[in-house]
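These notes concern the structure reproduced below.
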Amino acid sequence: AVVSTQSTGSFVLLNFNFMAAVITTTTVLMITVNMFGMMYLLDININPVSLVNLVMSVGISVEFCSHITRSFALSRHLSRVERAREALSKTGSSVLSGIFMTKLIGISVLAFAKSQIFEIYYFRMYVCIVALGMLHGLVFLPVFLTFFGPSRNTKPVGTSGFGKIEEEERTNSERTPLLL
425 AVVSTQSTGS FVLLNFNFMA AVITTTTVLM ITVNMFGMMY LLDININPVS
475 LVNLVMSVGI SVEFCSHITR SFALSRHLSR VERAREALSK TGSSVLSGIF
525 MTKLIGISVL AFAKSQIFEI YYFRMYVCIV ALGMLHGLVF LPVFLTFFGP
575 SRNTKPVGTS GFGKIEEEER TNSERTPLLL
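Following our numbering, the numbering of the sequence shown begins with 425 at its first residue and continues without gaps.
Below is the structure:
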């Protein structure tokens, strides 16, 4: 249920680009499967706390992947390699600093927790979520997009797919205010 909701959201937020939504959903599924593998390697049992963390990892994984995929899908470069390069240069640093750094700094205090539940189920799992999300979003996803990414954006330069909304905003901002 979580993944189907995520794929519908990806489809809408990625400008109704089916291929971009499929790639984002696939990458999020890969991160989730890898989380199960890391839970096995770290001897983390499946219980209500770990399941809540797994559901949260889906949402966090979307953050790592959707921005890069959207930037790739909206790029107007001809080659997929150039579009992936532009996506990483435009949004990669924001993804890295906005998500990776804040989450890593925020959970680093849990490493020193005396409680086993905080140390195992929160610190270890969140470190894995952040590490796997970063690796998939910033390393795997751009490479995957260069091979299987959506077709080039051919929309006019003034629109990003939401043309009417942007046109209305541009028209409203160009109006002169009434002086009373």
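The C-beta atom is built at its ideal place from N, Cα and C for all residues, glycine as well. For clarity, every value in this text was computed on a predicted model and none was experimentally measured.
CA-to-CA, the gap between Met443 and Ala555 works out to about 25 angstroms. Here the region 524-539 makes no contact with the region 466-477; the two share fewer than three CB pairs at distances below 8 angstroms. In the DSSP annotation of this structure, the continuous segment of the alpha helix (DSSP H) that includes Val473 starts and ends at Pro472 to Leu498.
Here Ser485 is buried: its Cβ has 16 or more other Cβ atoms, across all protein chains shown, within 10 Å. Between Gly557 and the set Leu475, Cys489, Met463 and Ala445, the nearest pair of CA atoms involves Cys489. By the criterion of a C-beta distance shorter than 8 angstroms, Val551 is surrounded in its chain by Leu528 and Ile531, once the five residues flanking it on both sides are discounted. Taken in chain order, the unbroken stretches of alpha helix (DSSP H) that lie wholly in the region 513-580 and span 4 residues or more are 526-532, 549-559 and 565-572.
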